[in-house]
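Colleague: I have a structure I would like to understand better, so I am pasting it below and will then ask my questions one at a time.
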Amino acid sequence: MASRLGVFKESLASAVAILVSRVLGLVREILTATFFGADKFTDAFFLAWKIPNVFRRVLGEGAFNPVMQPLLAEDSDGSFRGSLLFYTALVSLAVALVLWALAPFLIALLSPEGDREFFQTATTFLRYLAFYVFFASLNAYFMGLLQFEGGSLRRFFSYLSQAVFNLTVVGFVLFYHSLLGIWSLVYGTLLGGCLQVLTIWGFAKYTNTKVGFSFSFSPKVGEFFKNLVPNLGSLGIGQISTVAEAFFATHAGVGVLSNLYYAYRLFQLPASLVGVAVANTVLSKMARNSSSFKGESWDYLLRGVEIGLLLSVPAFLGLFILAFPIVEVIYKHGVFENQDAQKVALFIQLYSLGLIPYVLYRVLLNKLFTKKSYRRAFFYSLVWFFVEVILSAVGIFIFHLGGWVIALSSSLAVWLTLFLFLLREKVLSLVWNAFWRLKYIVPLWVLMVFYLLMLEHFLGNPYLVVFVAIATVGVPYLVFLKRVVL
(Lines of atoms letter the chains of each structure in order from A; the text may use other names.)
(Lines give C-alpha, C1' and ligand atoms only; values in the text may rest on other atoms or scores of the structure.)
Protein backbone atom coordinates (compact mmCIF):
# COMPACT_ATOMS: atom_id res chain seq x y z
CA MET A 20 0.00 0.00 0.00
CA ALA A 21 1.18 3.51 -0.75
CA SER A 22 2.78 5.14 2.28
CA ARG A 23 1.71 8.60 3.37
CA LEU A 24 5.20 8.94 4.86
CA GLY A 25 6.91 8.06 1.56
CA VAL A 26 4.91 10.65 -0.35
CA PHE A 27 5.46 13.18 2.44
CA LYS A 28 9.26 12.73 2.59
CA GLU A 29 9.80 13.25 -1.13
CA SER A 30 7.25 16.07 -1.19
CA LEU A 31 9.07 17.68 1.73
CA ALA A 32 12.41 17.48 -0.10
CA SER A 33 10.80 19.18 -3.08
CA ALA A 34 9.08 21.73 -0.87
CA VAL A 35 12.31 22.72 0.91
CA ALA A 36 14.04 23.44 -2.40
CA ILE A 37 10.98 25.29 -3.70
CA LEU A 38 10.89 27.29 -0.46
CA VAL A 39 14.52 28.38 -0.92
CA SER A 40 13.71 29.39 -4.49
CA ARG A 41 10.52 31.22 -3.55
CA VAL A 42 12.18 33.10 -0.71
CA LEU A 43 14.85 34.28 -3.13
CA GLY A 44 12.06 35.09 -5.57
CA LEU A 45 10.42 37.23 -2.89
CA VAL A 46 13.74 38.97 -2.28
CA ARG A 47 13.80 39.68 -6.02
CA GLU A 48 10.31 41.19 -5.83
CA ILE A 49 11.22 43.18 -2.72
CA LEU A 50 14.17 44.71 -4.55
CA THR A 51 11.99 45.38 -7.60
CA ALA A 52 9.34 47.09 -5.49
CA THR A 53 11.97 49.01 -3.51
CA PHE A 54 14.06 50.24 -6.45
CA PHE A 55 11.41 50.58 -9.17
CA GLY A 56 8.01 50.79 -7.39
CA ALA A 57 4.88 50.41 -9.52
CA ASP A 58 4.84 52.61 -12.63
CA LYS A 59 4.50 52.19 -16.38
CA PHE A 60 8.07 50.93 -16.75
CA THR A 61 7.59 48.14 -14.22
CA ASP A 62 4.26 47.43 -15.94
CA ALA A 63 6.13 47.19 -19.25
CA PHE A 64 8.65 44.74 -17.79
CA PHE A 65 6.02 42.57 -16.12
CA LEU A 66 3.93 42.51 -19.29
CA ALA A 67 6.94 41.45 -21.37
CA TRP A 68 8.01 38.90 -18.74
CA LYS A 69 4.52 37.37 -18.60
CA ILE A 70 4.94 35.73 -22.00
CA PRO A 71 8.22 33.79 -21.54
CA ASN A 72 7.27 33.23 -17.90
CA VAL A 73 4.24 31.28 -19.12
CA PHE A 74 6.61 28.82 -20.79
CA ARG A 75 8.75 28.62 -17.65
CA ARG A 76 5.83 27.86 -15.37
CA VAL A 77 4.11 25.48 -17.78
CA LEU A 78 7.26 23.49 -18.56
CA GLY A 79 8.81 23.61 -15.12
CA GLU A 80 5.69 23.01 -13.06
CA GLY A 81 3.40 20.88 -15.12
CA ALA A 82 3.42 20.17 -18.84
CA PHE A 83 6.81 18.54 -19.35
CA ASN A 84 6.77 16.01 -16.51
CA PRO A 85 3.38 14.34 -17.09
CA VAL A 86 4.30 13.57 -20.71
CA MET A 87 7.95 12.74 -20.11
CA GLN A 88 7.73 10.37 -17.17
CA PRO A 89 5.44 7.65 -18.61
CA LEU A 90 7.72 7.52 -21.68
CA LEU A 91 10.85 7.34 -19.52
CA ALA A 92 9.33 4.31 -17.81
CA GLU A 93 9.21 2.62 -21.25
CA ASP A 94 12.74 3.75 -22.28
CA SER A 95 14.75 0.61 -21.58
CA ASP A 96 17.81 1.50 -23.69
CA GLY A 97 18.02 5.23 -22.90
CA SER A 98 17.64 6.34 -26.52
CA PHE A 99 14.59 8.45 -25.76
CA ARG A 100 16.23 10.69 -23.18
CA GLY A 101 19.23 11.33 -25.45
CA SER A 102 17.09 12.28 -28.45
CA LEU A 103 14.73 14.35 -26.36
CA LEU A 104 17.53 16.60 -25.11
CA PHE A 105 18.55 17.60 -28.62
CA TYR A 106 15.03 18.19 -29.94
CA THR A 107 13.97 20.05 -26.80
CA ALA A 108 16.84 22.47 -27.36
CA LEU A 109 16.03 22.80 -31.06
CA VAL A 110 12.29 23.38 -30.64
CA SER A 111 12.69 25.80 -27.72
CA LEU A 112 15.19 27.90 -29.67
CA ALA A 113 12.72 28.06 -32.56
CA VAL A 114 9.96 29.17 -30.18
CA ALA A 115 12.22 31.90 -28.78
CA LEU A 116 12.91 33.21 -32.29
CA VAL A 117 9.19 33.25 -33.08
CA LEU A 118 8.49 35.24 -29.90
CA TRP A 119 11.27 37.66 -30.87
CA ALA A 120 9.70 38.20 -34.29
CA LEU A 121 6.15 38.54 -32.94
CA ALA A 122 7.04 40.79 -30.00
CA PRO A 123 5.43 43.99 -31.40
CA PHE A 124 2.22 42.15 -32.28
CA LEU A 125 1.97 40.42 -28.88
CA ILE A 126 2.57 43.62 -26.92
CA ALA A 127 0.08 45.53 -29.09
CA LEU A 128 -2.46 42.79 -28.45
CA LEU A 129 -2.05 42.92 -24.67
CA SER A 130 -1.51 46.62 -23.98
CA PRO A 131 -3.80 49.65 -24.25
CA GLU A 132 -3.48 51.96 -27.22
CA GLY A 133 -2.02 55.44 -27.05
CA ASP A 134 1.12 55.12 -24.91
CA ARG A 135 3.88 54.81 -27.49
CA GLU A 136 6.69 54.81 -24.93
CA PHE A 137 5.09 51.93 -23.01
CA PHE A 138 4.64 49.93 -26.21
CA GLN A 139 8.22 50.40 -27.38
CA THR A 140 9.69 49.62 -23.96
CA ALA A 141 7.64 46.45 -23.49
CA THR A 142 8.43 45.27 -27.04
CA THR A 143 12.16 45.73 -26.52
CA PHE A 144 12.01 43.90 -23.19
CA LEU A 145 10.14 40.97 -24.77
CA ARG A 146 12.67 40.63 -27.58
CA TYR A 147 15.38 40.04 -25.00
CA LEU A 148 13.35 37.94 -22.58
CA ALA A 149 12.05 35.64 -25.34
CA PHE A 150 15.34 33.74 -25.26
CA TYR A 151 14.72 32.70 -21.67
CA VAL A 152 12.35 30.09 -23.17
CA PHE A 153 15.42 28.17 -24.36
CA PHE A 154 16.86 27.97 -20.85
CA ALA A 155 13.48 27.17 -19.26
CA SER A 156 12.94 24.22 -21.62
CA LEU A 157 16.35 22.69 -20.95
CA ASN A 158 15.82 23.14 -17.23
CA ALA A 159 12.46 21.35 -17.47
CA TYR A 160 14.14 18.45 -19.29
CA PHE A 161 16.71 17.93 -16.53
CA MET A 162 14.01 18.36 -13.86
CA GLY A 163 12.04 15.54 -15.46
CA LEU A 164 15.05 13.21 -15.47
CA LEU A 165 15.92 13.88 -11.84
CA GLN A 166 12.34 13.44 -10.67
CA PHE A 167 11.85 10.23 -12.64
CA GLU A 168 14.93 8.64 -11.08
CA GLY A 169 13.38 9.47 -7.71
CA GLY A 170 14.77 9.85 -4.23
CA SER A 171 14.70 12.83 -1.91
CA LEU A 172 18.11 14.14 -3.01
CA ARG A 173 17.26 14.21 -6.72
CA ARG A 174 13.91 15.84 -6.00
CA PHE A 175 15.64 18.48 -3.91
CA PHE A 176 18.18 19.20 -6.65
CA SER A 177 15.52 19.26 -9.38
CA TYR A 178 13.90 22.33 -7.82
CA LEU A 179 17.02 23.98 -6.40
CA SER A 180 18.13 25.18 -9.84
CA GLN A 181 15.34 27.75 -9.75
CA ALA A 182 16.95 29.18 -6.62
CA VAL A 183 20.13 29.73 -8.67
CA PHE A 184 18.07 31.70 -11.18
CA ASN A 185 16.51 33.90 -8.50
CA LEU A 186 19.84 34.40 -6.72
CA THR A 187 21.44 35.56 -9.96
CA VAL A 188 18.66 38.08 -10.64
CA VAL A 189 18.82 39.33 -7.05
CA GLY A 190 22.57 39.87 -7.28
CA PHE A 191 22.37 41.58 -10.65
CA VAL A 192 19.60 43.95 -9.57
CA LEU A 193 21.28 44.70 -6.26
CA PHE A 194 24.59 45.69 -7.83
CA TYR A 195 23.50 47.18 -11.16
CA HIS A 196 20.09 48.82 -10.57
CA SER A 197 21.63 52.27 -10.19
CA LEU A 198 23.63 51.87 -13.40
CA LEU A 199 21.15 50.01 -15.63
CA GLY A 200 17.79 50.82 -14.05
CA ILE A 201 15.06 48.32 -14.85
CA TRP A 202 17.31 46.80 -17.52
CA SER A 203 19.12 45.09 -14.64
CA LEU A 204 16.04 42.84 -14.37
CA VAL A 205 16.24 41.93 -18.05
CA TYR A 206 19.96 41.13 -18.10
CA GLY A 207 19.76 39.36 -14.74
CA THR A 208 16.95 37.14 -16.04
CA LEU A 209 18.95 35.96 -19.06
CA LEU A 210 22.12 35.37 -17.05
CA GLY A 211 20.11 33.56 -14.39
CA GLY A 212 18.56 31.26 -17.00
CA CYS A 213 21.98 30.28 -18.32
CA LEU A 214 23.42 29.57 -14.86
CA GLN A 215 20.25 27.68 -13.94
CA VAL A 216 20.73 25.17 -16.76
CA LEU A 217 24.43 24.71 -16.02
CA THR A 218 23.61 24.09 -12.36
CA ILE A 219 20.91 21.47 -12.91
CA TRP A 220 23.13 19.71 -15.46
CA GLY A 221 25.80 19.58 -12.75
CA PHE A 222 23.25 18.16 -10.30
CA ALA A 223 22.37 15.43 -12.80
CA LYS A 224 26.04 14.51 -13.18
CA TYR A 225 26.57 14.57 -9.41
CA THR A 226 23.68 12.16 -8.76
CA ASN A 227 24.76 9.84 -11.61
CA THR A 228 21.55 10.48 -13.50
CA LYS A 229 21.81 9.14 -17.03
CA VAL A 230 21.37 11.94 -19.56
CA GLY A 231 22.71 11.04 -23.00
CA PHE A 232 22.65 13.03 -26.23
CA SER A 233 21.60 11.96 -29.70
CA PHE A 234 20.66 13.62 -33.00
CA SER A 235 18.46 10.65 -33.96
CA PHE A 236 14.70 11.13 -33.89
CA SER A 237 13.49 8.40 -31.56
CA PRO A 238 9.86 7.32 -32.18
CA LYS A 239 9.12 8.17 -28.57
CA VAL A 240 10.29 11.73 -29.19
CA GLY A 241 7.53 12.07 -31.76
CA GLU A 242 5.05 10.65 -29.25
CA PHE A 243 6.37 13.07 -26.64
CA PHE A 244 5.78 16.19 -28.74
CA LYS A 245 2.44 14.82 -29.94
CA ASN A 246 1.28 14.45 -26.33
CA LEU A 247 2.97 17.66 -25.21
CA VAL A 248 0.76 19.85 -27.39
CA PRO A 249 -2.56 19.03 -25.63
CA ASN A 250 -0.81 18.99 -22.28
CA LEU A 251 0.67 22.41 -22.96
CA GLY A 252 -2.91 23.39 -23.51
CA SER A 253 -4.19 21.75 -20.34
CA LEU A 254 -1.65 23.37 -18.02
CA GLY A 255 -0.65 26.16 -20.36
CA ILE A 256 -4.13 27.62 -20.42
CA GLY A 257 -3.83 28.14 -16.68
CA GLN A 258 -0.68 30.16 -17.27
CA ILE A 259 -2.01 31.86 -20.39
CA SER A 260 -4.77 33.14 -18.13
CA THR A 261 -2.07 35.17 -16.36
CA VAL A 262 -1.38 36.85 -19.70
CA ALA A 263 -5.10 37.57 -19.96
CA GLU A 264 -4.90 39.03 -16.46
CA ALA A 265 -2.13 41.31 -17.70
CA PHE A 266 -4.37 42.47 -20.55
CA PHE A 267 -7.20 43.35 -18.18
CA ALA A 268 -4.82 44.90 -15.64
CA THR A 269 -3.34 47.30 -18.20
CA HIS A 270 -6.88 48.53 -18.83
CA ALA A 271 -7.64 48.88 -15.11
CA GLY A 272 -5.14 51.68 -14.44
CA VAL A 273 -1.46 52.45 -13.97
CA GLY A 274 0.22 50.24 -11.38
CA VAL A 275 -2.53 47.61 -11.29
CA LEU A 276 -0.49 45.08 -13.25
CA SER A 277 2.53 45.52 -10.97
CA ASN A 278 0.42 45.23 -7.81
CA LEU A 279 -1.32 42.12 -9.13
CA TYR A 280 2.07 40.65 -9.94
CA TYR A 281 3.39 41.32 -6.44
CA ALA A 282 0.27 39.71 -4.94
CA TYR A 283 0.40 36.71 -7.25
CA ARG A 284 4.04 36.11 -6.35
CA LEU A 285 3.08 35.79 -2.69
CA PHE A 286 0.17 33.52 -3.58
CA GLN A 287 2.50 31.32 -5.62
CA LEU A 288 4.74 30.69 -2.60
CA PRO A 289 2.34 28.27 -0.84
CA ALA A 290 0.77 27.22 -4.15
CA SER A 291 4.12 25.94 -5.41
CA LEU A 292 5.33 24.63 -2.07
CA VAL A 293 2.24 22.48 -1.71
CA GLY A 294 0.62 22.06 -5.11
CA VAL A 295 3.68 21.53 -7.30
CA ALA A 296 5.74 19.54 -4.78
CA VAL A 297 2.96 17.13 -3.83
CA ALA A 298 1.51 16.79 -7.34
CA ASN A 299 4.85 15.98 -8.99
CA THR A 300 5.78 13.51 -6.25
CA VAL A 301 2.47 11.70 -6.65
CA LEU A 302 2.85 11.74 -10.45
CA SER A 303 6.20 9.96 -10.47
CA LYS A 304 4.86 7.36 -8.03
CA MET A 305 1.72 6.77 -10.07
CA ALA A 306 3.61 6.65 -13.39
CA ARG A 307 5.24 3.40 -12.26
CA ASN A 308 1.87 1.90 -11.30
CA SER A 309 -0.36 3.20 -14.10
CA SER A 310 -1.63 -0.10 -15.48
CA SER A 311 -4.68 0.26 -13.27
CA PHE A 312 -5.98 3.33 -11.53
CA LYS A 313 -7.25 1.29 -8.60
CA GLY A 314 -4.91 -0.25 -6.05
CA GLU A 315 -1.60 1.46 -5.35
CA SER A 316 -2.15 4.33 -7.80
CA TRP A 317 -5.42 5.19 -6.05
CA ASP A 318 -3.65 5.05 -2.69
CA TYR A 319 -0.94 7.45 -3.85
CA LEU A 320 -3.59 9.88 -5.08
CA LEU A 321 -5.42 9.63 -1.75
CA ARG A 322 -2.21 10.34 0.17
CA GLY A 323 -1.51 13.29 -2.09
CA VAL A 324 -4.93 14.80 -1.42
CA GLU A 325 -4.49 14.29 2.32
CA ILE A 326 -1.12 16.02 2.40
CA GLY A 327 -2.45 18.74 0.11
CA LEU A 328 -5.25 19.48 2.59
CA LEU A 329 -2.93 19.31 5.61
CA LEU A 330 -0.70 22.00 4.09
CA SER A 331 -3.03 24.17 2.00
CA VAL A 332 -5.70 24.89 4.63
CA PRO A 333 -3.37 26.58 7.17
CA ALA A 334 -1.52 28.31 4.32
CA PHE A 335 -4.83 29.80 3.14
CA LEU A 336 -5.72 30.93 6.66
CA GLY A 337 -2.37 32.63 7.13
CA LEU A 338 -2.46 34.40 3.76
CA PHE A 339 -6.04 35.59 4.08
CA ILE A 340 -5.96 36.79 7.68
CA LEU A 341 -2.44 38.24 7.73
CA ALA A 342 -2.34 39.63 4.20
CA PHE A 343 -1.68 43.25 5.16
CA PRO A 344 1.06 42.59 7.77
CA ILE A 345 2.78 40.25 5.29
CA VAL A 346 2.71 42.89 2.55
CA GLU A 347 4.04 45.56 4.90
CA VAL A 348 6.94 43.33 5.94
CA ILE A 349 7.84 42.18 2.44
CA TYR A 350 7.04 45.04 0.08
CA LYS A 351 6.58 48.30 1.95
CA HIS A 352 10.05 49.74 1.43
CA GLY A 353 11.62 52.50 -0.64
CA VAL A 354 9.24 53.98 -3.23
CA PHE A 355 6.52 51.39 -2.53
CA GLU A 356 3.62 53.44 -1.14
CA ASN A 357 1.00 52.63 1.52
CA GLN A 358 -1.78 52.79 -1.09
CA ASP A 359 0.01 50.13 -3.12
CA ALA A 360 0.42 47.97 0.00
CA GLN A 361 -3.33 48.08 0.66
CA LYS A 362 -4.12 47.07 -2.91
CA VAL A 363 -1.61 44.20 -2.89
CA ALA A 364 -3.02 42.93 0.43
CA LEU A 365 -6.55 42.89 -1.01
CA PHE A 366 -5.36 41.09 -4.14
CA ILE A 367 -3.58 38.48 -1.99
CA GLN A 368 -6.74 37.80 -0.01
CA LEU A 369 -8.74 37.29 -3.19
CA TYR A 370 -6.09 35.06 -4.78
CA SER A 371 -5.82 33.01 -1.58
CA LEU A 372 -9.49 32.04 -1.83
CA GLY A 373 -8.41 29.73 -4.65
CA LEU A 374 -5.41 28.16 -2.90
CA ILE A 375 -7.10 24.99 -1.58
CA PRO A 376 -8.89 24.09 -4.84
CA TYR A 377 -5.71 24.88 -6.79
CA VAL A 378 -3.70 22.37 -4.76
CA LEU A 379 -6.38 19.67 -4.95
CA TYR A 380 -6.82 20.18 -8.69
CA ARG A 381 -3.08 19.89 -9.34
CA VAL A 382 -2.90 16.62 -7.40
CA LEU A 383 -6.05 15.11 -8.92
CA LEU A 384 -4.94 15.89 -12.48
CA ASN A 385 -2.47 13.03 -12.11
CA LYS A 386 -5.37 10.65 -12.61
CA LEU A 387 -5.56 11.87 -16.20
CA PHE A 388 -1.83 12.26 -16.79
CA THR A 389 -0.95 8.69 -15.83
CA LYS A 390 -3.59 7.43 -18.28
CA LYS A 391 -2.30 9.85 -20.96
CA SER A 392 -5.74 11.52 -21.09
CA TYR A 393 -4.29 14.90 -22.02
CA ARG A 394 -7.29 16.06 -24.03
CA ARG A 395 -9.59 15.66 -21.04
CA ALA A 396 -7.15 17.68 -18.95
CA PHE A 397 -7.18 20.31 -21.69
CA PHE A 398 -10.98 20.52 -21.46
CA TYR A 399 -10.86 21.42 -17.77
CA SER A 400 -8.21 24.03 -18.43
CA LEU A 401 -10.44 25.61 -21.05
CA VAL A 402 -13.26 25.80 -18.51
CA TRP A 403 -10.92 27.49 -16.04
CA PHE A 404 -9.65 29.92 -18.66
CA PHE A 405 -13.01 30.99 -20.07
CA VAL A 406 -14.64 31.42 -16.66
CA GLU A 407 -11.76 33.61 -15.49
CA VAL A 408 -11.64 35.65 -18.70
CA ILE A 409 -15.40 36.20 -18.87
CA LEU A 410 -15.68 37.25 -15.22
CA SER A 411 -12.68 39.59 -15.53
CA ALA A 412 -13.96 41.12 -18.77
CA VAL A 413 -17.40 41.76 -17.32
CA GLY A 414 -15.94 43.23 -14.14
CA ILE A 415 -13.41 45.51 -15.88
CA PHE A 416 -15.17 46.65 -19.06
CA ILE A 417 -18.85 46.59 -18.08
CA PHE A 418 -18.97 47.30 -14.34
CA HIS A 419 -15.56 49.05 -14.05
CA LEU A 420 -14.86 47.32 -10.73
CA GLY A 421 -11.09 47.74 -10.72
CA GLY A 422 -8.17 45.33 -10.54
CA TRP A 423 -9.50 43.35 -7.56
CA VAL A 424 -12.06 41.61 -9.78
CA ILE A 425 -9.20 39.97 -11.71
CA ALA A 426 -7.88 38.23 -8.58
CA LEU A 427 -11.39 37.20 -7.52
CA SER A 428 -12.15 35.80 -10.98
CA SER A 429 -9.05 33.61 -10.76
CA SER A 430 -10.25 32.04 -7.51
CA LEU A 431 -13.84 31.55 -8.67
CA ALA A 432 -12.61 29.89 -11.86
CA VAL A 433 -10.47 27.30 -10.08
CA TRP A 434 -13.30 26.45 -7.66
CA LEU A 435 -15.71 25.85 -10.53
CA THR A 436 -13.13 23.78 -12.43
CA LEU A 437 -12.43 21.62 -9.38
CA PHE A 438 -16.13 20.89 -8.78
CA LEU A 439 -16.60 19.96 -12.42
CA PHE A 440 -13.56 17.68 -12.27
CA LEU A 441 -14.77 15.96 -9.09
CA LEU A 442 -18.15 15.18 -10.64
CA ARG A 443 -17.04 14.15 -14.14
CA GLU A 444 -14.00 12.11 -13.11
CA LYS A 445 -15.80 10.43 -10.18
CA VAL A 446 -13.20 11.31 -7.57
CA LEU A 447 -15.49 13.19 -5.21
CA SER A 448 -15.54 10.14 -2.94
CA LEU A 449 -11.74 10.14 -2.84
CA VAL A 450 -11.58 13.77 -1.70
CA TRP A 451 -14.33 13.19 0.85
CA ASN A 452 -12.48 10.13 2.13
CA ALA A 453 -9.28 12.17 2.50
CA PHE A 454 -11.14 14.95 4.34
CA TRP A 455 -12.93 12.47 6.62
CA ARG A 456 -9.61 10.88 7.58
CA LEU A 457 -8.42 14.34 8.67
CA LYS A 458 -11.60 15.40 10.48
CA TYR A 459 -9.86 15.42 13.87
CA ILE A 460 -7.66 18.31 12.65
CA VAL A 461 -10.60 20.61 11.79
CA PRO A 462 -10.91 21.97 15.37
CA LEU A 463 -7.22 22.89 15.21
CA TRP A 464 -7.82 24.86 12.02
CA VAL A 465 -10.74 26.69 13.69
CA LEU A 466 -8.55 27.61 16.67
CA MET A 467 -5.92 28.81 14.23
CA VAL A 468 -8.41 31.29 12.73
CA PHE A 469 -9.22 32.89 16.08
CA TYR A 470 -5.60 32.97 17.17
CA LEU A 471 -4.39 34.69 13.98
CA LEU A 472 -7.20 37.25 14.21
CA MET A 473 -6.17 38.02 17.79
CA LEU A 474 -2.53 38.42 16.80
CA GLU A 475 -3.34 40.95 14.10
CA HIS A 476 -5.74 42.88 16.33
CA PHE A 477 -3.67 43.12 19.52
CA LEU A 478 -0.04 43.17 18.38
CA GLY A 479 -0.35 45.88 15.73
CA ASN A 480 3.27 45.93 14.56
CA PRO A 481 3.36 43.96 11.28
CA TYR A 482 6.87 42.59 11.87
CA LEU A 483 5.86 41.33 15.31
CA VAL A 484 2.63 39.83 13.96
CA VAL A 485 4.40 37.87 11.23
CA PHE A 486 7.22 36.70 13.53
CA VAL A 487 4.89 35.54 16.31
CA ALA A 488 2.59 33.81 13.81
CA ILE A 489 5.49 31.85 12.34
CA ALA A 490 6.95 31.01 15.76
CA THR A 491 3.72 30.03 17.51
CA VAL A 492 1.64 28.64 14.63
CA GLY A 493 3.80 27.74 11.63
CA VAL A 494 6.62 25.86 13.35
CA PRO A 495 4.45 23.98 15.90
CA TYR A 496 2.03 22.98 13.14
CA LEU A 497 4.84 21.48 11.05
CA VAL A 498 6.05 19.52 14.10
CA PHE A 499 2.49 18.33 14.67
CA LEU A 500 2.17 17.46 10.99
CA LYS A 501 5.25 15.25 11.18
CA ARG A 502 3.61 13.27 13.98
CA VAL A 503 0.39 12.98 11.99
CA VAL A 504 2.22 11.65 8.92
CA LEU A 505 4.30 9.21 10.94
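Everything in the sequence shown is counted per the working numbering, starting at 20 for the first residue and increasing by one.
Ideal Cβ placement from N, Cα and C applies to all residues, glycine included.
Among residues of its own chain, excluding the 5 on either side of Phe-343, which ones have a beta-carbon nearer than 6 Å to its beta-carbon?
Modeller: Once the five neighbours on either side are set aside, the close Cβ partners of Phe-343 are Ala-364.
Colleague: Taking only the alpha-carbon atoms, compute the straight-line gap between Ala-155 and Leu-43 and give it to the nearest angstrom.
Modeller: Roughly 18 Å between the two C-alpha positions.
Colleague: Counting pairs of Cβ atoms below 8 Å between the segment 320 to 334 and the segment 452 to 463, do you hit three or more?
Modeller: The segment 320 to 334, when compared against the segment 452 to 463, does touch it at the 8 Å Cβ threshold.
Colleague: How long is the line joining the alpha carbons of Phe-388 and Arg-443, rounded to whole angstroms?
Modeller: When rounded, the distance between both Cα atoms is 16 Å.
Colleague: Give me the Cα-Cα distance between Leu-336 and Val-468, rounded to the nearest whole angstrom.
Modeller: Leu-336 and Val-468: Cα-Cα distance of roughly 7 Å.
Colleague: Between Gly-493 and Pro-123, what straight-line distance do the alpha-carbon atoms span, to the nearest angstrom?
Modeller: Cα to Cα, the separation comes out at about 46 Å.
Colleague: Mind reading off the beta-carbon distance from Ile-417 to Leu-45? Whole number of angstroms is fine, and I expect it under 8 Å.
Modeller: 35 Å between Cβ atoms; not a contact.
Colleague: Would you kindly work out how many angstroms separate the C-alpha atoms of Phe-398 and Phe-60, rounded to a whole number?
Modeller: Their backbone Cα atoms lie some 36 Å apart in a straight line.
Colleague: State the Cα-Cα distance for the pair His-419 and Leu-427, rounded to the nearest angstrom.
Modeller: In a straight line, the C-alpha of His-419 is about 14 Å away from that of Leu-427.
Colleague: Using three-state DSSP, classify Leu-497 as helix, strand or coil.
Modeller: It is helical.
Colleague: Quick one, are the C-beta atoms of Gly-212 and Tyr-151 less than 8 Å apart?
Modeller: Result yes, Cβ atoms of Gly-212 and Tyr-151 sit closer than 8 Å.
Colleague: So, using beta-carbon positions, are Leu-112 and Phe-243 closer together than 8 Å?
Modeller: No. Outside cutoff.
Colleague: Taking the alpha-carbon positions, what's the Leu-431 to Ser-33 distance?
Modeller: Roughly 28 Å between the two C-alpha positions.
Colleague: Grab the span of the alpha helix (DSSP H) containing Ser-400 for me, first residue to last.
Modeller: That run of the alpha helix (DSSP H) goes 393 to 412.
Colleague: Looking at Leu-165 and Thr-226, is the spacing between their C-beta atoms short of 8 Å?
Modeller: Against a cut-off of 8 Å, the Cβ pair of Leu-165 and Thr-226 comes out as a contact.
Colleague: Is it right to say Trp-68 is buried, meaning 16 or more other beta carbons lie within 10 angstroms of its own, or is it exposed?
Modeller: Flag for Trp-68 reads buried.
Colleague: Just to confirm the assignment: which complete alpha helix (DSSP H) runs, minimum length 4, are found wholly within the segment 153 to 212?
Modeller: Counting only runs of 4 or more, we get 171 to 199.
Colleague: With distances taken from CA atoms, which of Leu-292, Ile-367, Phe-194 and Gln-88 is nearest Asn-509?
Modeller: Because the chain in this structure spans residues 20 to 505, residue 509 falls outside the shown range and cannot be described.
Colleague: Using 8 Å as the threshold, is the C-beta distance between Phe-105 and Phe-267 below it?
Modeller: Taking 8 Å as the Cβ cut-off, Phe-105 and Phe-267 do not qualify as a contacting pair.
Colleague: What is the DSSP secondary structure of Asn-480, reduced to helix, strand or coil?
Modeller: If DSSP states are grouped into helix, strand and coil, Asn-480 belongs with coil.
Colleague: In the DSSP assignment, find the alpha helix (DSSP H) that holds Phe-343 and state where it starts and stops.
Modeller: Taken as a continuous stretch (DSSP letters only), the alpha helix (DSSP H) holding Phe-343 covers 342 to 349.
Colleague: Indicate whether Ala-108 and Leu-321 have their beta-carbon atoms separated by less than 8 Å.
Modeller: No, the pair does not count as a contact, with Cβ atoms beyond the cut-off.
Colleague: For Gly-221, which three-state DSSP category applies?
Modeller: Of the three classes helix, strand and coil, the one that applies to Gly-221 here is helix, per DSSP.
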